[in-house]
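Protein chains in written order, with our numbering: chain A, 79 to 414; chain B, 15 to 368. Just so you know, even glycine gets a beta-carbon here, dropped at the ideal spot from N, CA and C.
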Amino acid sequence: MTTLEAPKSGVARLLERARDAFTSPKSGPVLVTAVLFIVMFVAGGVRYNGFFSATTILNLLVSYSYLLVLAIGMSFVIISGGIDLSVGAVLALSTIIAAKGLQIGMPPAVVIVLILVCTSVLGLLVGLMINVFQIQPFIATLAAMFLARGLCYIIAKESIAITDPFFTSMAQPIILGPRLSITASVIIALVVLVIAVWVLQYTRFGRTTYAIGGGEQSGTLMGLPIARTKVLVYVISGFCSGLAGLLYSFYTLSGYALTGVGGELDAISAVVIGGTLLTGGYGFVLGSALGVLVLGLIQTMITFEGTLSSWWTKIFIGALLLVFIVLQKVLTSRRA
Amino acid sequence: MKDVFFKVIGHRLFWPLVMLVALVAVNVIRVPGFLSITINADGNLFGSLIDILRNGAPTLIIAVGMTLVIATRGIDLSVGSLCAISGAMACSIILTSSDPHSVGTVTVAVLVALALALVLGLWNGMLVSVLGIQPIIATLILMTAGRGIAMLITEGQILTVQSTPFKFLGSGFIYGVPVATVVAAVVLALVALLTRRTALGMLIESVGINPEASRQAGVRARGLLFLVYGLCALLAAVAGIILTSNQTAADANNTGLFIELDAILAVVIGGTSLNGGRYSLTGTLVGALVIQTLITTVYTVGIPPIATMVFKAAVVVVVTLLQSPTTNAALERWRSRPKSVKPASRPSEPAVVR
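Shown next, in the form of structure tokens:
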């Protein structure tokens with residue numbers, strides 16, 4: 079750009095800056111998602127009575143706090159250039175362990191620790207497979223998915239209800255005001271979100287994660303702890319899937335082997351719609367949170383519409399996924 | 015002697031075949047009559063091995079298409095959804111026709127279902143070749159949306175069909191051999207002839223090794239990608255019709271659920287590298303047989319069938335670990351130790367599969 083242009087007015091400069099932000103592969107997709115979210119929210123408010131309210135947003139958070147946690151774990155993996163197909167199955171495994179553990183009389187604290195340790199160890203094994211044996215993330219996590227799903231069936235075929243007082247108390251709404259309530263799960267999910275944002279933006283580990291996604295070899299040459307970080311990313315994803323399963327069992331108060339079929343797709347969709355580049359290196363956890371809200375809003379609008387059947391959700395999510403992938407492609411190719 | 019040993023052990027079909035033989039052995043120990051094939055009153059072949067061939071047919075048919083896709087360094091996750099879509103399409107046409115029992119109706123239904131799948135396959139091909147989207151993600155879109163499309167066709171119902179010619183496709187027999195097995199054999203033979211007796215297979219492999227270099231060398235990479243994704247979708251539709259016909263019902267949610275994983279597993283067990291550029295249809299056949307035999311073994315040994323997935327996970331882990339670059343490098347080191355100490359580790363090289 080030449081410097082000999084006439085001085086620009088404030089508005090022109092602002093427009094230029096906005097254009098730069100929207101066309102950058104880093105922030106462009108997130109901004110588009112934010113605009114989309116606002117447009118959907120306003121459009122819903124115009125179309126349906128009682129849609130445009132804080133209640134809708136809080137309900138979204140209550141219903142999708144588990145997906146938020148899943149998407150946070152998935153963000154780490156995708157930013158590092160990997161993918162984790164096991165999250166839905168690990169979520170189901172976590173609900174099953176919770177329900178079965180409580181059924182046979184384990185105290186809630188033990189059950190929770192057991193779940194988080196099991197799922198983190200599973201993540202560790204996956205990470206080691208990928209890192210030590212150089213197996214593609216896709217295949218290693220596929221194996222983990224089979225394993226987790228199979229273990230679910232072995233532990234319990236049928237759905238088990240949870241009656242434990244601690245779990246039921248976690249399901250109780252926390253009243254914030256008239257018609258405004260959240261659950262403890264929302265608070266947990268938001269805390270995880272804050273921690274994830276901090277870890278990715280302000281720690282060495284976070285920066286190394288971005289570096290792996292941006293270019294593993296350059297990272298190695300710069301002496302970054304690539305191997306350790308790569309393994310840890312999958313441990314985080316496993317931990318998050320376990321925690322998400324815990325939140326899901328708070329929400330549904332049951333454990334069932336078939337929960338979360340396609341959960342990995344929802345999580346990946348949320349991350350991609352939230353602007354994380356599938357090839358790694360770019361992305362924000364807050365974007366993924368926005369992606370979760372957009373997915374939730376689609377579902378809410380379809381519920382409000384009433385005449386549209388639930389299968390439209392899948393078609394809409396698929397279409398949205400396509401739009402965002404193409405958008406990413408366009409933005410990155412222009413910069414390249 | 016050591017060289018012969020390594021030649022045998024290094025053959026890409028060695029471990030899959032060992033696994034297959036081991037599984038069959040377990041079955042024979044458990045059920046002494048496992049290997050016997052009899053001819054029943056209707057003149058049809060009958061026996062556990064025939065069951066394996068018949069039940070494994072849909073997986074094999076899809077795995078054949080998947081092999082070619084993986085050979086181009088791609089992957090197709092949408093095959094399960096395509097099964098559901100084609101089954102739903104065929105069933106809904108048969109249900110709405112005035113004469114569900116006529117061969118003409120069924121032919122039309124099958125052809126329309128195949129055509130629809132072909133269009134969707136070309137859509138996948140377009141995303142991968144024209145837009146340059148990573149195959150996992152490009153086909154993820156149809157995997158997510160495809161179940162929705164199938165539900166759109168069935169209007170959320172499970173469509174049950176009563177049609178003799180349609181039922182024949184899934185559970186009939188031709189000269190005593192199950193139709194599904196015949197179809198799988200024909201598909202395997204046709205694809206093998208098409209790709210191995212012409213240059214097509216080599217061109218597909220060249221695209222898998224380096225699409226850009228292939229294009230510059232005059233290989234029409236884009237057209238080839240359209241071809242493999244279209245073919246894979248078409249074969250998924252064939253499998254979907256067999257599955258639907260076997261159950262005489264189209265279930266948008268459950269037809270072909272997880273079959274993409276079985277198909278990928280069959281291809282990987284068969285020694286085709288996920289890094290593309292090299293494939294073996296024989297390997298895929300062995301892989302599909304291993305998976306189906308594994309499922310049967312789980313039944314005969316008396317383990318709850320739902321545990322099958324854990325065993326599949328074990329198989330994936332064992333096979334991929336055996337094929338992993340690290341293992342190969344270790345093997346290489348051991349092999350070359352007595353002569354000279356070569357720098358055995360080649361970290362930048364992708365999976366070396368022999």
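DSSP three-state assignment for residue i, whether helix, strand or coil
i: I403(A); result: helix
i: A234(A); result: coil
i: P192(B); result: strand
i: T73(B); result: helix
i: S332(A); result: strand
i: T241(A); result: coil
i: F60(B); result: strand
i: F187(B); result: strand
i: A98(B); result: helix
i: I317(B); result: coil
i: T219(A); result: helix
i: T174(B); result: strand
i: I218(B); result: helix
i: I53(B); result: strand
i: A263(B); result: strand
i: Y113(B); result: Just to set this straight, residue 113(B) is Asp in the shown sequence, not Tyr. Of the three classes helix, strand and coil, the one that applies to D113(B) here is coil, per DSSP.
i: P179(B); result: helix
i: T246(A); result: helix
i: V311(A); result: helix
i: L271(B); result: coil
Pairwise C-alpha distance: residue j and residue i
i: N41(B); j: A123(B); result: 39 Å
i: L138(A); j: Q377(A); result: 9 Å
i: L82(B); j: C246(B); result: 8 Å
i: A7(B); j: I150(B); result: Nothing about residue 7(B) can be read from this structure; chain B reaches only from 15 to 368.
i: V110(A); j: F100(A); result: 7 Å
i: L67(B); j: G61(B); result: 10 Å
i: G128(A); j: P225(B); result: 53 Å
i: L214(B); j: M207(A); result: 35 Å
i: M79(A); j: R95(A); result: Its pLDDT being 48, under 50, M79(A) is placed unreliably by the model, and the measurement read from it follows with that caveat. The straight-line gap from Cα to Cα measures roughly 14 Å.
i: T262(B); j: T219(A); result: 34 Å
i: G151(A); j: A227(B); result: 37 Å
i: V93(B); j: V117(B); result: 27 Å
i: I51(B); j: P30(B); result: 24 Å
Where the alpha helix (DSSP H) containing residue i begins and where it ends
i: G255(A); result: Careful: G255(A) lies outside any alpha helix (DSSP H), inside the beta strand (DSSP E) at 252-255.
i: F115(A); result: 106-125
i: G293(A); result: Segment: none, G293(A) is in no alpha helix (DSSP H) and carries neither H nor E.
i: S366(A); result: 363-383
i: V147(A); result: 132-157
i: G341(A); result: 341-351
i: E226(B); result: 225-230
i: T153(B); result: 149-168
Closer than 8 Å to chain B by CB, residue i
i: I233(A); result: no
i: K407(A); result: yes
i: A414(A); result: For A414(A), the predicted structure reports a pLDDT of 47, less than 50, and the residue's modelled location is therefore unreliable. A value from the coordinates is still provided. No - not a single Cβ of chain B is within 8 Å of the one on A414(A).
i: Q377(A); result: no
i: R227(A); result: yes
i: L373(A); result: no
i: S366(A); result: no
i: F154(A); result: no
i: L343(A); result: yes
i: V404(A); result: yes
i: G396(A); result: yes
i: W276(A); result: no
Where the beta strand (DSSP E) containing residue i begins and where it ends
i: R260(A); result: The sequence as given places Ile at residue 260(A); Arg does not occur at that position. Note, I260(A): beta strand (DSSP E), 258-260.
is_contact[residue i, chain A] using C-beta, thresh 8 Å
i: G339(B); result: The sequence shown places Pro at residue 339(B), not Gly. Yes - at least one Cβ of chain A is within 8 Å of the one on P339(B).
i: I51(B); result: no
i: R161(B); result: yes
i: G70(B); result: no
i: G370(B); result: Nothing can be reported for residue 370(B): it is not among the residues displayed for chain B, which extend from 15 to 368.
i: M33(B); result: no
i: K21(B); result: no
Residue i versus the options, residue with shortest Cα-Cα distance
i: Y126(A); options: G384(A), K407(A), L139(A); result: G384(A)
i: G359(A); options: S131(A), G160(A), V408(A); result: G160(A)
i: V311(A); options: I156(A), T298(A), D98(A), L399(A); result: I156(A)
i: T245(A); options: G333(A), E236(A), A167(A), V210(A); result: The identity of residue 245(A) in the sequence shown is Phe, whereas the question assumes Thr. Checking every option, the nearest Cα to that of F245(A) belongs to G333(A).
i: S143(A); options: I314(A), G255(A), P107(A), Y329(A); result: Y329(A)
i: S259(B); options: R161(B), Q176(B), G222(B), A213(B); result: Q176(B)
i: Y288(A); options: S153(A), V124(A), T261(A), I116(A); result: S153(A)
i: I99(B); options: T153(B), A266(B), S294(B); result: A266(B)
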